[in-house]
Each structure stands twice: as C-alpha cells, then as structure tokens.
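Remarks on the structure that follows.
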C-alpha cells in the first residue's frame, strides 16, 4: 500500500527521494520502499520523518498504527463471518 502522505510531503518540499534520503541519513532505496509501503520503518526512522516533516508519525504511517489498514485483521474478520 502506497503511503501517500509521505510522498506528498516530500513533493511539497520539492525533494527527490535521493535528496530526502540524504537529509534523513538513510538510503534512497529505503525511502522508495517506505513510500511504496514495501517495508516498515524502524523507530529511529519514524522519528526522523516526524522531526523532518513536523507531522505526527501516526499521520505519516497510518498503516502501522490503525487496524483498518491491517489487511490480515480485515481478512480474519471476513473468515470469522464465513464461519458463523
């Protein structure tokens, strides 16, 4: 799932993925994977994003904090309904 908030914020600052990576001290590939939702950030990276953009990490990475973004949870709910 693409993380649209961090992608939009990066573009609003007119930064490439490489430029953002340099400012945050992480790799360009990691930035790309974070934006695409392929990998999840560690605690340090969450804090770096939060401090850099001045936005709460829950807003930047809602899929990590809210269950409605959890596909496994949604799938499990569907399985429960079918079993009833």
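Residue numbers (UniProt numbering): 1 to 84.
For every residue, glycine included, the Cβ atom is placed at its ideal position computed from N, Cα and C.
Every value quoted in this text rests on a predicted model; they were computed, and no experiment measured them.
Nearest residue (CA-CA) to residue 63, options 47, 9, 39 and 19: 39
If we ignore side chains and look at the alpha-carbon of each, how far apart do residue 14 and residue 7 end up? 11 Å
Check for me: the alpha helix (DSSP H) holding residue 6 runs from which residue to which? 4-12
Could you have a look at residue 84 and say whether DSSP puts it in helix, strand or coil? Residue placement at residue 84 is poorly supported in this model, since its pLDDT is 44, which falls under 50; the coordinates still yield a value, given next. If DSSP states are grouped into helix, strand and coil, residue 84 belongs with coil.
Tell me, to the nearest whole angstrom, how far the beta carbon of residue 42 is from that of residue 2; I am working on the premise that it is less than 8 Å. About 20 Å; that fails the 8 Å criterion.
Using a Cβ-Cβ distance cut-off of 8 Å, determine whether residue 7 contacts chain C. Absent from the structure: chain C. Only one protein chain is present.
DSSP three-state assignment for residue 41, whether helix, strand or coil: coil
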